[in-house]
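Trainee: Dumping the structure here so I can ask a few things about it.
Residue numbers (this note's numbering), protein chains in the order written: chain X, 5 to 364; chain Y, 11 to 109.
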């Protein structure tokens, strides 16, 4: 049994910031992640962040992973790579972990769950063919392993992930046949969409993939137009030759551990699915169990860092490390409010409001 | 847009939308019931790929909002663990008790 003061599950932007904040307050912190390197999704993000300087704007995600991991190391945070949290047993407060094939038990005084989100799948004929990827998987292949997923890709979804990964595909010398988006408008930032359009990549709104064809792998896709009820319009089918299809159709919070801990959960579509009810520093309905980052609602990395910091401050304060707590929380909450300003964050604000009100 | 019966929903257990729809016709009304009838979500991904698709089908078939579809119970372990790992941990625990 390993005893720690604060255990953080997930070494992405939220988990690392939670760890740095808690350790900075004086707590003994352990972070574990199923990947071999810290950083989570940051490790494959070659684009620069938006926002203010304090929110690390202008830094590329991949660099940020190193910066945050370095801060964690300096603060004396212990990191377990290749370690998957398997379960949480609230009755005795034990977290079970598979650490590179060893089954271990960890007993933290406070637990921060920063497990992130998983990519959604889409139901269409041929979706099981080799060559059909989550857009995140495409990004991992290219930016982490230096492998091109194909020569000509159809991207499904024009949110930020679909747009950014499409742009990075072009940068890597892969042709993007088209980006199709089921909604009547592009969901991601105009700056990403404009870059793609300048490169001549068509972005088709009110369009989706109808089927994928090929043997033994994807050779072609058919796309079609959707009407206002999101039904395919007969006769609008078009065939595109492509050897890979990227699915960027949204993320779902990874909440297994939160359910196991017995946290009160609520379905909020705006936040990506079921998310835990929590207070302003992320403490759930189970005392001592905190949520941070996308596990609490799908947002962006900058917000994940801020919610991580809040959870780290909350968890360490619970253990009595309270120096400068109020100021640090206030400052971070102000950062978070600034990040959630603006029309693109309207959905997040609505979702958080619904979560607080207990509707849905 | 209503997908067809032959579309694969659960890749781990090789289940199509038709398989899921048959389970619904048998009276399954929750993800847990679909799971018990078909093994959907019991493979390597533990429902992380198919869960949302099955929930969507349950919502569509019952004309219910997605948020009302009860999720399956989440039980440890969250991923497959080697029996040898568990056995080794058990030996260590006994060592703790007697050693």
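The beta carbon of each residue, even a glycine, is placed where N, CA and C say it ideally should be.
1. Less than 8 Å between the C-beta atoms of residue 45 of chain Y and residue 51 of chain Y, yes or no?
2. When the Cα atoms are used, what is the spatial distance from residue 332 of chain X to residue 227 of chain X?
3. May I ask you to list, following chain order, the residues of the region 184–213 of chain X that have a beta carbon less than 9 Å from some beta carbon of chain Y?
4. Residue 428 of chain X versus chain Y: which residues are under 9 Å apart at the beta carbon?
5. Answer yes if the region 6–18 of chain X comes into contact with the region 309–320 of chain X, meaning at least three C-beta pairs across the two stretches below 8 Å, and no otherwise.
6. Taking Cβ positions only, does residue 89 of chain Y come closer than 8 Å to chain X?
7. Mind reading off the beta-carbon distance from residue 22 of chain X to residue 312 of chain X? Whole number of angstroms is fine, and I expect it under 8 Å.
8. Could you tell me whether any Cβ in chain Y is nearer than 8 Å to the Cβ of residue 271 of chain X?
9. Looking at the unbroken alpha helix (DSSP H) that takes in residue 44 of chain Y, where does it start and where does it end?
10. Please identify the residue among X:5, X:345, X:52, X:75 whose C-alpha is closest to the C-alpha of residue 19 of chain X.
11. In angstroms with no decimal places, state the Cα-to-Cα distance between residue 355 of chain X and residue 171 of chain X.
12. Output yes if chain Y places a C-beta closer than 8 Å to the C-beta of residue 8 of chain X; else output no.
13. Nearest CA to the CA of residue 341 of chain X: which residue from X:361, X:284, X:294, X:358?
14. Within its chain, find whatever has a CB closer than 6 Å to the CB of residue 25 of chain X; leave out the 5 residues flanking it on each side and keep chain order.
15. Over what stretch of residues does the beta strand (DSSP E) that includes residue 242 of chain X continue unbroken?
16. Got a sec: is the Cβ-Cβ distance from residue 263 of chain X to anything in chain Y below 8 Å?
17. Can a CB atom of chain Y be found closer than 8 Å to the CB of residue 350 of chain X?
18. Nearest to residue 86 of chain Y by alpha carbon, out of X:72, X:330, X:288, X:261?
19. Within 8 Å of any Cβ in chain Y, is that where the Cβ of residue 245 of chain X sits?
20. Consider the Cβ of residue 105 of chain X: report whether some Cβ of chain Y lies at a distance smaller than 8 Å.
21. Could you name the residues of the same chain whose beta carbon sits closer than 6 Å to that of residue 34 of chain X, not counting the 5 residues immediately before and after it, in chain order?
22. What residues from chain X crowd round residue 60 of chain Y, counting only those whose CB sits closer than 8 Å?
23. At a CB-CB cut-off below 8 Å, which residues of chain Y make contact with residue 102 of chain X?
24. Let me confirm a value: residue 142 of chain X is counted as buried when at least 16 other C-beta atoms fall within 10 Å, else exposed. Which label applies?
25. May I ask you to report which of helix, strand or coil DSSP gives residue 333 of chain X?
26. If you drop the 5 nearest sequence neighbours on each side, which residues of the same chain put their C-beta closer than 7 Å to that of residue 41 of chain X?
27. Identify the contact partners of residue 39 of chain X in chain Y, using a Cβ-Cβ distance below 9 Å as the criterion.
28. Does DSSP put residue 159 of chain X in a helix, a strand or coil?
29. Going along the chain, which residues of the region 16–31 of chain Y sit with their C-beta nearer than 7 Å to a C-beta in chain X?
30. What residue does the beta strand (DSSP E) around residue 106 of chain X start on, and which one ends it?
31. Specify, as a first and last residue, the run of the alpha helix (DSSP H) that residue 307 of chain X falls within.
32. Measure the beta-carbon distance from residue 82 of chain Y to residue 41 of chain Y and round it to whole angstroms, keeping in mind my assumption that it falls under 8 Å.
33. Please report the straight-line C-alpha distance between residue 110 of chain X and residue 95 of chain Y, rounded to a whole angstrom.
34. For residue 76 of chain Y, which residues in the same chain have their Cβ closer than 7 Å to its Cβ, ignoring the five residues on either side in sequence?
35. Using the Cα positions of residue 109 of chain Y and residue 90 of chain Y, report the straight-line distance between them to the nearest angstrom.
36. In this structure, how does DSSP classify residue 229 of chain X when only helix, strand and coil are distinguished?
Mentor: Reading from the atomic positions:
1. Yes; because the gap between Cβ atoms is below 8 Å, this pair is in contact.
2. Per the coordinates, the alpha-carbon of residue 332 of chain X lies some 50 Å from the alpha-carbon of residue 227 of chain X.
3. Residues of the region 184–213 of chain X with a C-beta atom less than 9 Å from some C-beta of chain Y are 186, 212, listed in chain order.
4. The question about residue 428 of chain X has no answer here: the residues shown for chain X are numbered 5 through 364.
5. Enough Cβ pairs lie closer than 8 Å, so yes.
6. At a cut-off of 8 Å between beta carbons, residue 89 of chain Y contacts chain X.
7. By a beta-carbon distance limit of 8 Å, residue 22 of chain X contacts residue 312 of chain X. Their separation comes to about 4 Å.
8. Yes - at least one Cβ of chain Y is within 8 Å of the one on residue 271 of chain X.
9. Boundaries of the alpha helix (DSSP H) around residue 44 of chain Y: 41–48.
10. When each option's Cα is compared against that of residue 19 of chain X, the closest is X:75.
11. The straight-line gap from Cα to Cα measures roughly 29 Å.
12. No, because no Cβ of chain Y sits closer than 8 Å to the Cβ of residue 8 of chain X.
13. The residue with the shortest Cα to Cα distance from residue 341 of chain X is X:284.
14. Excluding sequence neighbours, residue 25 of chain X sits near 313, 316, 317.
15. In this chain, the beta strand (DSSP E) harbouring residue 242 of chain X covers 242–245.
16. Yes, residue 263 of chain X counts as interfacial toward chain Y.
17. Not one chain Y Cβ lies under 8 Å of residue 350 of chain X.
18. Residue 86 of chain Y has its Cα closest to that of X:261, out of X:72, X:330, X:288, X:261.
19. No, residue 245 of chain X lies away from the interface with chain Y (no Cβ there is under 8 Å from its Cβ).
20. By this cut-off, residue 105 of chain X is an interface position.
21. Excluding residues up to 5 positions away in sequence, 8, 11, 82 lie with their Cβ nearer than 6 Å to the Cβ of residue 34 of chain X in the same chain.
22. Those are 125, listed as they occur along chain X.
23. Within chain Y, the residues near residue 102 of chain X are 87, 89, 91, 95.
24. Burial call: buried.
25. Of the three classes helix, strand and coil, the one that applies to residue 333 of chain X here is helix, per DSSP.
26. Excluding positions up to five away in sequence, the list reads 47, 85.
27. Against chain Y, a Cβ distance below 9 Å from residue 39 of chain X picks out nothing, because the smallest value is about 13 Å.
28. When secondary structure is reduced to three states using DSSP, residue 159 of chain X falls in the strand class.
29. Close to chain X, meaning a Cβ-Cβ distance shorter than 7 Å, are the following residues of the region 16–31 of chain Y: 16, 17, 18, 19, 21, 27.
30. Start and end: 106–117.
31. That run of the alpha helix (DSSP H) goes 305–322.
32. That belief holds up - the Cβ atoms of residue 82 of chain Y and residue 41 of chain Y are roughly 5 Å apart, short of 8 Å.
33. Between the alpha carbons of residue 110 of chain X and residue 95 of chain Y lies a gap of roughly 15 Å.
34. Same-chain partners within the cutoff: 65, 66, 69.
35. Unreliable placement is indicated for residue 109 of chain Y, whose pLDDT of 41 sits below 50; the coordinate value is still reported in the next sentence. Each residue's CA atom was taken as its position, placing residue 109 of chain Y and residue 90 of chain Y some 30 Å apart.
36. In the displayed model, residue 229 of chain X falls within a strand according to three-state DSSP.
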